[in-house]
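**Student:** Pasting in a structure now, in structure tokens, and then I'll have a few things to ask.
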Amino acid sequence: MLVVVLVALAFDDGGYFPPAFLAGGVAVFVALAVLLVLRLPRFELITHALVALGALAAFAAWIGLSSAWSPMPDQATVDFQRALFYVGLFALALMAAGTGRHVSLLPWAALVVCCIVVGDGLIARLRPDLIEGAGDVTRLAGFRLEHPFGYWNTFGGMAAFGTVLAAGLAADPRAKDWARALAAGVAVPLAVAMYLSLSRGSWLALMVGGVVLVVLTPYRFSALITGALVGAAATICLLRLSALDALVDDPAAGSGQLSQGKSFTPLLLLMGIAAASAQLVVARVRQSTGMQLAADEFRRRMLLPLTGVVLLAGIVGYAMTSTQVEGGSAKALEDAGDWVDRQWDDFLLTSTYSVSGTERLTSSRGTRSDLYRVAWQGFEGHPLWGDGAGGFEWRWYQEREVQEDTREPHSLWLGTLGELGAVGLALLVAFLAAVGVGAARGLRRPAGLRRAETAAVAAASVVWLAHASADWDWEMPAFTGTALLAMAAVLPAGRSRRRRRRATA
Numbered sequence: 067m068l069v070v071v072l073v074a075l076a077f078d079d080g081g082y083f084p085p086a087f088l089a090g091g092v093a094v095f096v097a098l099a100v101l102l103v104l105r106l107p108r109f110e111l112i113t114h115a116l117v118a119l120g121a122l123a124a125f126a127a128w129i130g131l132s133s134a135w136s137p138m139p140d141q142a143t144v145d146f147q148r149a150l151f152y153v154g155l156f157a158l159a160l161m162a163a164g165t166g167r168h169v170s171l172l173p174w175a176a177l178v179v180c181c182i183v184v185g186d187g188l189i190a191r192l193r194p195d196l197i198e199g200a201g202d203v204t205r206l207a208g209f210r211l212e213h214p215f216g217y218w219n220t221f222g223g224m225a226a227f228g229t230v231l232a233a234g235l236a237a238d239p240r241a242k243d244w245a246r247a248l249a250a251g252v253a254v255p256l257a258v259a260m261y262l263s264l265s266r267g268s269w270l271a272l273m274v275g276g277v278v279l280v281v282l283t284p285y286r287f288s289a290l291i292t293g294a295l296v297g298a299a300a301t302i303c304l305l306r307l308s309a310l311d312a313l314v315d316d317p318a319a320g321s322g323q324l325s326q327g328k329s330f331t332p333l334l335l336l337m338g339i340a341a342a343s344a345q346l347v348v349a350r351v352r353q354s355t356g357m358q359l360a361a362d363e364f365r366r367r368m369l370l371p372l373t374g375v376v377l378l379a380g381i382v383g384y385a386m387t388s389t390q391v392e393g394g395s396a397k398a399l400e401d402a403g404d405w406v407d408r409q410w411d412d413f414l415l416t417s418t419y420s421v422s423g424t425e426r427l428t429s430s431r432g433t434r435s436d437l438y439r440v441a442w443q444g445f446e447g448h449p450l451w452g453d454g455a456g457g458f459e460w461r462w463y464q465e466r467e468v469q470e471d472t473r474e475p476h477s478l479w480l481g482t483l484g485e486l487g488a489v490g491l492a493l494l495v496a497f498l499a500a501v502g503v504g505a506a507r508g509l510r511r512p513a514g515l516r517r518a519e520t521a522a523v524a525a526a527s528v529v530w531l532a533h534a535s536a537d538w539d540w541e542m543p544a545f546t547g548t549a550l551l552a553m554a555a556v557l558p559a560g561r562s563r564r565r566r567r568r569a570t571a
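In terms of my numbering, the sequence shown opens at residue 67 and continues consecutively.
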């Protein structure tokens with residue numbers, strides 16, 4: 067049911083508008099009511115799950131209460147209704163996690179949502195004849211891939227979320243071979259779709275999530291191999307895309323979008339199958355005792371000598387070309403420093419003008435700095451309770467330095483501080499901390515998910531959090547709801563009431 071609700075929201079502008087998330091909320095709370103009437107499920111949530119749910123509910127209540135001092139009480143009510151939907155969805159996801167017997171289905175359910183939604187957008191780009199009107203150039207988005215959300219950054223964020231989640235599940239050596247292969251295979255088109263959104267924040271979130279995955283997983287070597295397989299396949303696709311302007315920058319370029327889409331699709335499918343096949347081979351090698359012993363023996367005997375050879379070659383090469391290397395390194399460092407300085411200056415120099423096409427990925431120009439400045443002013447004006455939910459829009463039109471119409475500060479943290487003050491931020495942090503503690507416990511002592519699965523979900527959740535830190539993902543229930551669905555899986559499993567009664571008898 068949760069998958070159906072989230073997919074339906076995604077195809078209704080990401081669930082941004084009230085009719086969409088109100089309908090989703092009705093479905094979720096009706097399901098919860100039915101479960102309560104039937105006295106299902108027959109288990110009790112333990113402390114960390116209750117703390118997370120309670121903190122999220124308190125955060126929603128604070129949003130609703132802020133309508134009393136918000137300059138835009140109607141918008142505060144809308145924000146409260148959206149937050150209530152998140153509470154209901156998260157509660158239903160916790161119930162679906164149950165005592166842990168079927169909790170592994172939740173990460174896969176979140177991945178299914180990503181594949182359906184992002185896959186539809188990718189098909190719309192490659193085969194516009196199949197999904198009519200979904201790949202048109204718009205005044206605001208240009209040709210950035212945004213279907214079905216209607217917002218390219220959210221599309222890119224969800225694609226990055228799915229890529230890291232899929233890679234993490236594929237890297238789990240205790241999972242079934244076919245599941246690992248399937249996850250590696252779908253990670254390739256997810257990564258390609260993320261690129262087509264031309265979302266800078268999505269690239270940063272993807273990199274952060276990838277690092278977190280490698281750090282958290284107990285099988286780092288397996289994660290690195292999976293990352294290399296998926297990364298190599300995706301890189302080949304992106305290199306090919308660099309020559310297909312009609313799929314990236316302008317649908318009328320070259321032979322046209324449809325023609326280039328038809329020529330690129332076989333390569334994308336081939337690379338997805340190649341990544342899946344390679345992952346399957348890796349999984350089979352690990353399961354074969356003889357091959358695993360041979361691999362371990364190779365690493366034991368040859369890793370140190372090979373490392374020494376590589377280091378020696380590097381030292382000799384450096385000694386022979388030290389002057390050129392040092393000069394080139396100094397020049398490269400100087401150029402890199404200049405580039406960082408230019409990006410910082412562009413970020414601070416607020417402008418509604420932004421470069422288009424692939425040039426966006428190497429430019430920080432935009433209006434973010436002014437948005438953040440105004441949101442911070444809301445916090446400075448009322449440090450404890452903020453301007454009230456919806457108050458950013460009111461303050462923006464009073465304090466802005468650029469003529470841009472917007473309702474959102476494009477940052478979960480600064481938006482919460484500006485509209486809900488320190489109290490609101492503390493409640494949000496309490497929710498995220500409870501989820502984080504649950505993930506940490508799961509990594510040490512699995513209660514439902516395996517350790518590698520917990521690492522995959524935690525890394526994907528970090529992708530959502532990193533992306534939401536620089537955009538308005540909280541206002542897009544399809545994306546945030548999918549992240550909440552995955553987060554519920556890392557919390558400790560519920561305890562059976564029947565067992566508890568026997569224990570106390």
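Ideal Cβ placement from N, Cα and C applies to all residues, glycine included. This structure is a prediction, so every number in the text was calculated from the model and none was measured.
Following the continuous alpha helix (DSSP H) through P85, name the residue where it begins and the one where it ends.
**Tutor:** Element bounds for P85: 84-103.
**Student:** Out of T165, P107, T113, A86, which one is the CA nearest neighbour of G504?
**Tutor:** The residue with the shortest Cα to Cα distance from G504 is T113.
**Student:** Helix, strand or coil for S170? Go by DSSP, reduced to three states.
**Tutor:** coil
**Student:** In chain order, what residues of the same chain lie with their CB nearer than 7 Å to the CB of D436, ignoring the 5 residues before and after it?
**Tutor:** T416, R466, E467, V468
**Student:** Where G322 and D311 are concerned, what is the direct C-alpha to C-alpha distance, given to the nearest angstrom?
**Tutor:** 9 Å
**Student:** Which of the three DSSP states is assigned to L261 in this structure?
**Tutor:** Residue identity check: residue 261 is Tyr in the sequence provided, not Leu. If DSSP states are grouped into helix, strand and coil, Y261 belongs with the helices.
**Student:** D243 and R350 look like a contact to me (Cβ under 8 Å); what is the Cβ gap, rounded to whole Å?
**Tutor:** Their Cβ separation, rounded to whole angstroms, is 6 Å, which keeps D243 and R350 in contact under 8 Å.
**Student:** Can we say the segment 297-315 touches the segment 528-543, given the rule of at least three CB pairs closer than 8 Å?
**Tutor:** no
**Student:** With three or more beta-carbon pairs closer than 8 Å as the criterion, would you say the segment 452-465 touches the segment 131-144?
**Tutor:** Contact annotation: the segment 452-465 touches the segment 131-144, with at least three C-beta pairs closer than 8 Å.
**Student:** Whose C-alpha, out of L515, P107, V529, is nearest the C-alpha of F545?
**Tutor:** V529
**Student:** If we count Cβ pairs, one from each stretch, closer than 8 Å, do we get three or more for the segment 159-177 versus the segment 291-307?
**Tutor:** No: the two stretches stay apart, fewer than three of their Cβ pairs being nearer than 8 Å.
**Student:** For a minimum of 4 consecutive residues, which ranges assigned as the alpha helix (DSSP H) are wholly contained in the segment 279-314?
**Tutor:** 286-307, 311-314
**Student:** Is M337 near the ligand ADP, judged by its Cβ being under 8 Å from some heavy atom?
**Tutor:** You won't find the ligand ADP in this model; it holds no ligand whatsoever.
**Student:** Counting Cβ pairs closer than 8 Å, one from the segment 264-283 and one from the segment 330-348, do we hit at least three?
**Tutor:** They do not touch, by the three-pair rule.
**Student:** Given that a residue counts as buried once 16 or more other Cβ atoms are within 10 Å of its Cβ, and exposed if not, what is M542?
**Tutor:** buried
**Student:** Pairing CB atoms from the segment 511-528 with CB atoms from the segment 143-156, are three or more of them under 8 Å?
**Tutor:** Output reads no: the segment 143-156 does not touch the segment 511-528.
**Student:** Can you find the residues in the same chain that come closer than 7 Å, C-beta to C-beta, to T143, ignoring five residues on each side of it along the sequence?
**Tutor:** S133
**Student:** What are the start and end residues of the alpha helix (DSSP H) that includes P139?
**Tutor:** 139-163
**Student:** Is A259 near F215, with beta carbons less than 9 Å apart?
**Tutor:** no
**Student:** For G297, which of A342, T283, S136, S329 has the nearest alpha-carbon?
**Tutor:** A342
**Student:** Can you list, in chain order, the residues of its chain whose CB lies under 6 Å from that of A225, leaving out five sequence neighbours each side?
**Tutor:** Excluding positions up to five away in sequence, the list reads V184, L256, A259, M260.
**Student:** Can you tell which of R516, A253, A496, L509 has its C-alpha closest to the C-alpha of A115?
**Tutor:** A496
**Student:** Would you say K328 and L192 are within 9 Å of each other, going by their C-beta atoms?
**Tutor:** For K328 and L192, yes; Cβs fall inside 9 Å.
**Student:** Thinking V489 and R461 are a contact (beta carbons under 8 Å), I'd like their distance in whole angstroms, please.
**Tutor:** Actually they are not in contact, since the Cβ atoms of V489 and R461 sit about 18 Å apart, beyond 8 Å.
**Student:** Which residue from I339, W269, L324 puts its Cα closest to that of L295?
**Tutor:** I339
**Student:** Shortest alpha-carbon distance to A552 belongs to which of L515, A532, A534?
**Tutor:** L515
**Student:** Alpha carbon to alpha carbon, how far is A126 from A250?
**Tutor:** 37 Å
**Student:** Considering only their Cβ atoms, is the gap separating V94 from G154 smaller than 9 Å?
**Tutor:** yes
**Student:** In its own chain, which residues sit with a C-beta less than 7 Å from the C-beta of H476, not counting the 5 before and 5 after it?
**Tutor:** R434, L437, A536, D537, W538
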